[in-house]
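Working notes, beginning with the structure itself.
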Amino acid sequence: MLYAACFGDSLIEGFPYGKRASWCAAAEEFTAGDGKRALRLLNYGLCGDRTDDILDRLRQYRPTLPPYVSHIIFLGGANDIIQGAARSSTVATFVKASAFCEEEGLRLGVVLPFISGEEGLNRYLYPLREALATELPPSVRLFDLQPALGEDVISLRKAYIDGVHPTCAAYAALGRFAAPLLQKWLEEKA
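Just so we're aligned, residue 1 is where the sequence shown starts under the numbering used here, counting upward by one.
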């Protein structure tokens, strides 16, 4: 089995449906018959968290993570934007998460924030995605799951229940899309 601990906001947690409907759970289900390649994604997502909250939770839970967990998945940023945090502050938190993981001997994978169904929010999400792609160290694996949701207006309207939180079908599509990417990353040698 391939393990990772997933830290993030509502988009890790699976809001509003709960952890069993999250894309993490969908990725596990999609790989359930893969034997040693089956995914087990420990879900530490919490609705409403900003990236600094997510990093604090990662630091808090680090001592209690199972010893076989060496990979961390980190997803956040939309709540930072909604709550008015500067992009530079958000990116700095991702950089701190990278440094923390390196100090702890953990490999970090960052899921780029999803483009939303809200054009006003997207004006901030696109630059954040670009900043993360250019400013995070090469040791951080970036995962862009946006193709599972699409980027055109019609696809985005169908993907979200409220412009920000995916439908059950969209969470399932994200999990199917993420599963082989995560399997490949988790199988790589450090």
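Virtual Cβ for every residue (Gly too), placed ideally from N, Cα, C.
In this text, all values refer to a predicted model and were calculated from it rather than measured experimentally.
In this structure the stretch 68–88 touches the stretch 100–120; the number of beta carbon pairs closer than 8 Å is three or more. Counting C-beta atoms within 10 angstroms of its own C-beta, Ser88 has fewer than 16 neighbours from the protein chains shown and is therefore classed as exposed. Between the C-alpha atoms of Ala25 and Ala86 there is a straight-line separation of about 32 Å. Under the three-state reduction of DSSP, Pro137 is assigned to coil, being neither helix nor strand. Nearest neighbour of Thr93 by Cα position, chosen from Arg50, Leu125, Asn122, Thr64, turns out to be Arg50. For Arg107, the enclosing beta strand (DSSP E) begins and ends at 107–111.
Residues Tyr44 of the same chain have their beta carbon placed closer than 7 Å to that of Tyr61, with the five preceding and five following residues left out of the count.
The beta-carbon separation of Leu11 and Ala179, rounded to 16 Å, does not stay under the 8 Å limit for a contact. DSSP, read as helix, strand or coil, puts Pro180 in helix.
One thing to note: Pro166 has its Cβ no nearer than 8 Å to the Cβ of Leu156.
Boundaries of the beta strand (DSSP E) harbouring Phe7: 2–8, taken from the DSSP string. Secondary structure in the stretch 138–162: the alpha helix (DSSP H) runs of 4 residues or longer, each lying completely within the stretch, are 153–159 in chain order.
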